[in-house]
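Worksheet: the structure to be examined is printed underneath.
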Amino acid sequence: MKLTLKLISLLILVIVSALALDGYLTLQRESVFLRSELEGKAYRIGNALRQLITDTWRTSGSRRALTLIEAASLQDQTFRIRWVWLDVATDVNLADKHVPLVNREQLQPVLRGERAHFEATDERGNRMLVTYIKVDVADPRSGAIELAERLRPIDEFMAASLQRQFVLAGVVLIAGAALTAALGIGLVGRPLQRLTAKANRAGQGDLDGPVEVRGRDELTELAVTLNQMCENLAASQQRVRNETEARIATLEQLRHADRLRTVGQLASGVAHELGTPLNVVSGRASLIEGGRLTDDDVKASAAIIRSQAERMTKIIRQLLDFSRRSPAERANIDIRELIACTVEVLQPLASKQHIELTVNPGDNSPLSASVDSGQIQQVLTNLVVNALQATPAGGQVTVSAMPETVNAPSDVEAVSDDWLCVTVADTGEGIPEELRDRLFEPFFTTKDTGNGTGLGLSIAYGIVKEHDGWIVVDHDYNAGARIRVYLPRNKPEVQG
Ligand code: ADP
């Protein structure tokens with residue numbers, strides 16, 4: 000609409016300028032023409048009278064000649080004819096009826112017998128066009144016929160012309176504006192509105208519904224290009240969606256494979272862990288089988304067998320839970336609980352290797368974060384399994400979680416500086432300086448075939464990044480290795 004308005008305003012400006020110029024020139028021309036008509040008429044009348052006056056002056060005397068002139072003048076004063084003495088000073092006696100309306104100095108051309116017209120004001124204040132025709136008579140003074148015609152009719156005619164021009168300009172202006180507005184809105188405004196709406200919808204991600212503009216002008220070409228662009232965009236968006244879905248599926252498979260590998264490692268710990276209760280169950284069963292136990296002893300042995308069976312069920316269920324592929328889903332969870340649960344699953348592996356796996360209790364207050372618990376458990380498991388593998392028998396692996404206020408690295412989009420930091424520290428061999436840059440590369444491993452795939456840390460890195468966090472490998476930790484995971488923290492709600 001703004002473009003249409005601009006076009007209309009510009010067009011109106013051009014029309015008004017053209018009309019104003021035309022009106023001005025026409026009025027000028029008419030004014031010049033009317034004036035020259037008046038001048039010509041006065042000159043012709045004056046010339047005709049001159050001959051008559053010269054003859055009458057000579058034959059019948061001055062009085063008769065002057066009476067003739069008076070008689071020729073019109074009664075309504077619009078066209079006056081007078082006899083004037085040219086060499087009389089006007090300012091001496093204005094009341095004298097033979098004093099010219101024009102100053103004596105201006106009358107020099109008339110004295111020389113030239114044709115001359117002047118504009119002057121009569122005694123009543125009327126603007127007059129004054130013409131002098133010199134007449135040679137038998138008198139020592141120089142005399143002339145003065146023909147004075149009121150200019151008011153010309154002024155009135157000019158005013159009427161001006162008014163007509165204004166009316167004409169107004170009509171042209173209104174008609175032009177209405178026509179341009181109708182054409183502008185129909186040909187430019189509406190199609191542009193449709194194009195703008197389409198561009199806005201496309202900007203908000205709605206690429207459907209091609210814009211319809213009829214005709215063969217540039218706007219139609221623009222509409223076709225816009226429709227084509229939206230179609231291309233929709234196609235490439237679909238391609239990106241498909242590729243992303245394929246990538247996510249692959250990543251999921253990779254993560255699941257990594258979990259299963261960990262399950263394999265845990266299985267040996269579980270098998271070791273099951274040894275003790277199985278021995279207890281077997282011993283108690285043998286005792287009962289010997290038949291020498293009292294009823295109460297049999298009952299006590301059965302209770303022990305039941306509790307050991309429950310313990311074994313729990314160990315196996317934890318392993319099965321860990322290996323299960325669960326759909327990605329975020330929820331508010333307490334990270335400390337997740338750590339406790341993960342450490343419990345890994346405990347058999349640690350005890351098989353005679354490593355003390357502990358959770359540093361910290362201040363024990365709940366640490367809430369909005370995470371996918373399965374994925375974060377996988378991160379923790381990978382870090383702890385790595386720590387257990389790097390730590391010799393008799394060593395220690397400690398897991399802790401603390402709230403921390405820290406500035407995020409530049410590549411992390413942080414909404415606040417409130418984080419929770421999960422630390423896995425071990426007393427193992429440590430990570431050599433030269434390997435630190437490569438730890439998160441997929442398939443980078445220093446372990447023997449069968450022991451390492453090189454996926455654990457790269458998968459942990461991907462998961463933490465998806466959670467808008469980051470991982471730090473500490474350089475200044477000399478006891479072994481220490482890896483910290485930062486996750487965005489949900490601030491506890493302030494009570495009261
Ligand atoms: P993998 O454990 O299958 O080798 P990871 O990506 O989990 O793959 O680990 C990559 C490498 O990082 C390991 O091979 C190991 O050299 C090193 N690493 C990881 N954690 C530790 C640790 N706690 N102590 C020493 N080295 C470690």
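Residue numbers for the sequence shown follow numbering that gives the first Met the number 0, beginning at 0 and rising by one. Just so you know, even glycine gets a beta-carbon here, dropped at the ideal spot from N, CA and C.
Fully contained in the region 413-484 are the following beta strand (DSSP E) runs of length 3 or more, in chain order: 417-425 and 469-472.
By the Cβ-count criterion, Ser281 is exposed, with fewer than 16 other Cβ atoms from all chains shown falling within 10 Å of its own Cβ. By DSSP's assignment, Ile132 forms a beta bridge with Ile144.
Judged by beta-carbon spacing, Leu67 lies within the 9 angstroms limit of Leu51, meaning their Cβ atoms are closer than that value.
One thing to note: Ala234 has its Cβ no nearer than 9 angstroms to the Cβ of Leu194. Considering only Arg483, Leu4 and Ile144, the residue with the shortest C-alpha distance to Leu178 is Leu4.
Residue side-chain check: Lys464 keeps its Cβ at 8 angstroms or more from all non-hydrogen atoms of the ligand ADP. For Glu118, the enclosing beta strand (DSSP E) stretches over residues Ala115 to Thr120.
In the three-state reduction of the DSSP assignment, Asn406 falls in the coil class. As computed with DSSP, Pro108 is found in no beta bridge at all.
Sequence-distant partners of Val378 (beyond 5 residues in either direction) whose C-beta falls short of 7 angstroms from its own C-beta, in its chain, are Ala459, Ile462, Val463 and Val484. Where Asp333 is concerned, the enclosing beta strand (DSSP E) starts and stops at Ala330 to Asp333. According to the DSSP secondary-structure assignment, Glu155 is paired through a beta bridge with no residue. Distance between Leu434 and Val472, taken at the CA atoms: about 11 angstroms. Counting along the chain, Leu356 sits inside the beta strand (DSSP E) bounded by residues Glu355 to Asn359. Closest in alpha carbon position to Thr275, among Asp295, Met311 and Gln27, is Met311. In chain order, Asp467 place their CB closer than 6 angstroms to the CB of Pro487, counting only its own chain and leaving out the 5 sequence neighbours on each side. For the 9 angstroms CB-CB criterion, Ala400 and Thr422 form a contact. About 6 angstroms separates the Cβ atoms of Leu85 and Leu110, confirming a contact at the 8 angstroms cut-off.
With a threshold of 16 other beta carbon atoms within 10 Å, Ser300 meets it and is buried. At least one heavy atom of the ligand ADP lies less than 8 angstroms from the C-beta of Asp425. Note on Gly393: under 16 other CB atoms within 10 angstroms of its CB, so exposed under the neighbour-count rule. Straight-line spacing of the CA atoms in Met157 and Ala19 works out to 15 angstroms.
Annotated three-state conformation of Ser364 is coil, per DSSP.
At the C-beta level, Arg254 and Gln374 come within 9 angstroms of one another. When C-alpha distances from Asp138 are compared across Thr53, Phe443 and Gly289, the shortest belongs to Thr53. Boundaries of the beta strand (DSSP E) around Val83: Phe78 to Trp84.
Using a cutoff of 8 angstroms, the CB of Asn385 counts as near the ligand ADP, since one of the ligand's heavy atoms is closer than that. The Cβ atoms of Ala119 and Ile132 lie no closer than 9 angstroms to each other. Annotation: Thr243 to Glu465 spans about 14 angstroms, alpha carbon to alpha carbon. With 16 or more neighbouring CB atoms inside 10 Å of its own CB, Val398 falls in the buried class.
Under the Cβ criterion (8 angstroms, minimum of three pairs), the region 351-371 counts as touching the region 319-338. A distance criterion of 8 angstroms places the beta-carbon of Phe321 beyond contact range of the ligand ADP, judged by its closest non-hydrogen atom. Nearest Cα to Ile14 within the set Cys229, Val170, Asn125 and Leu26: Val170.
Secondary structure note for Arg240: its alpha helix (DSSP H) is the uninterrupted segment Glu217 to Gly289.
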